[in-house]
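Under our numbering, the first residue of the sequence shown is numbered 10, with each subsequent residue one higher.
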Amino acid sequence: MWNKIHAALRNMLSGGVSISEQQQEVLPVWLIVGLGNPDTEHEGNRHNIGFMALDRIAADGDLPEWRKKFHAHVNETGFRGQRALLMKPQTYMNRSGLSVAEAAKFYKIPVDKIIVLHDELDLPFGKVRVKKGGGAAGHNGLKSIDADFGSQDYWRIRIGIGHPGDKSRVSGYVLSDFTKEERHQADIVVAGISRHMDLMLAGKDAEFMTKVSEETKEK
10 MWNKIHAALR NMLSGGVSIS EQQQEVLPVW LIVGLGNPDT EHEGNRHNIG
60 FMALDRIAAD GDLPEWRKKF HAHVNETGFR GQRALLMKPQ TYMNRSGLSV
110 AEAAKFYKIP VDKIIVLHDE LDLPFGKVRV KKGGGAAGHN GLKSIDADFG
160 SQDYWRIRIG IGHPGDKSRV SGYVLSDFTK EERHQADIVV AGISRHMDLM
210 LAGKDAEFMT KVSEETKEK
C-alpha cells in the first residue's frame, strides 16, 4: 500500500491525478476489527473468535503477512472494490479501543464504517447477529472501544459462544478453549462470515445474517 501512496504523492507533485482522488483509491474505507487476546496460549479461547474470523478472511483472500501498526496486527483487503483495513489489537482485550481510535483517526474512518467482530455470551453457540450501536453488555473489548473511540455507534458482528449458566464461571469460560466439536463448528461459522463479508460492506446486514445462518447450521 505504501508504494501506492508514494506514487500518489509523486503524481500530485508532477501535476498528475490529485491526491484526494488517489486517496479514494488506495486508502481503506472500512475498518474491520476482530477482538481477542494475543499470545499463543489464547489462540483457541472462546474469547478469541473475533481474531479467528479475521484470520479466516486473511486466509481466504490469500493476504500477505500481518504487519504491526496502531498497537495491532493489520492487513488490507478489498470487498467488491471497497478497501478495508483488518485489525487485531495486540493490547489485550481490555485495551482494544486504543488501536481502534488510532486507526480511525489516522485514516479518517467514520464510525458507521467500523465493524467489530466479537464473542457474545448472550447468543447460543454458533449463532451470528448484527447490530449497530448499543451497550457493551459487560464485554471488556467493547467497553474499551466505547471509551477510547468515544462512540458506541459502530457495527457489531456478534458471534455466539453460549453461556456457562453461572455468572461466576464466565471469566474462566471465555478464556478456555473450544472443545474439538465446538472448534469444528466455530470454523464453519467464521468461514461463512468471511465468505459473505462483502454483503456487510454493501449495507446488506440482514442478507449477511441470513446467508451466514443458512450456511452454518450445525453440521
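Backbone N, C-alpha and C fix where the C-beta goes; we use that ideal spot for every residue, glycine too. All of these numbers come straight from a predicted model, not from anything done at the bench.
Contact under 8 Å by Cβ, residue i with residue j
i	j	result
Gly-135	Gly-169	yes
Leu-63	Ile-123	no
His-56	Leu-184	yes
Trp-164	Val-137	no
Arg-65	Ser-153	no
With 16 other Cβ atoms within 10 Å as the buried cut-off, status of residue i
i	result
Phe-217	buried
Pro-119	exposed
Asp-71	exposed
Asp-128	buried
Phe-115	exposed
Asp-48	exposed
Gly-45	buried
Ala-215	exposed
Met-10	The pLDDT assigned to Met-10 is 45, lower than 50, so where the model puts this residue is not dependable, and the model offers no usable value.
Alpha-carbon spacing of residue i relative to residue j, whole angstroms
i	j	result
Thr-225	Gln-194	8 Å
Ala-113	Ser-105	13 Å
Val-221	Ile-166	11 Å
Val-125	Ser-177	26 Å
His-51	Pro-98	13 Å
Thr-188	Asp-162	34 Å
Lys-77	Gly-87	19 Å
Asp-121	Gly-144	16 Å
Ala-68	His-205	14 Å
Asn-84	Gly-181	30 Å
Asp-186	Thr-219	27 Å
Met-61	Asp-196	8 Å
Integer Cβ distance of residue i from residue j, believed to fall under 8 Å
i	j	result
Arg-192	Gly-53	7 Å
Leu-36	Arg-92	7 Å
Asn-149	Met-102	5 Å
Leu-130	Val-179	7 Å
Residue i versus the options, residue with shortest Cα-Cα distance
i	options	result
His-80	Glu-50, Val-42, Met-209	Val-42
Ala-156	Asp-121, Ala-110, Ile-197, Gly-212	Ala-110
Leu-132	Val-38, Gly-174, Asp-121	Gly-174
Thr-100	Thr-86, His-82, Lys-117	His-82
Phe-159	Arg-204, Asp-186, Ser-108	The identity of residue 159 in the sequence shown is Gly, whereas the question assumes Phe. Considering only alpha carbons, the answer is Ser-108.
8 Å Cβ cutoff, residue i in contact with chain C
i	result
Gly-171	The structure shown has no chain C; it contains just one protein chain.
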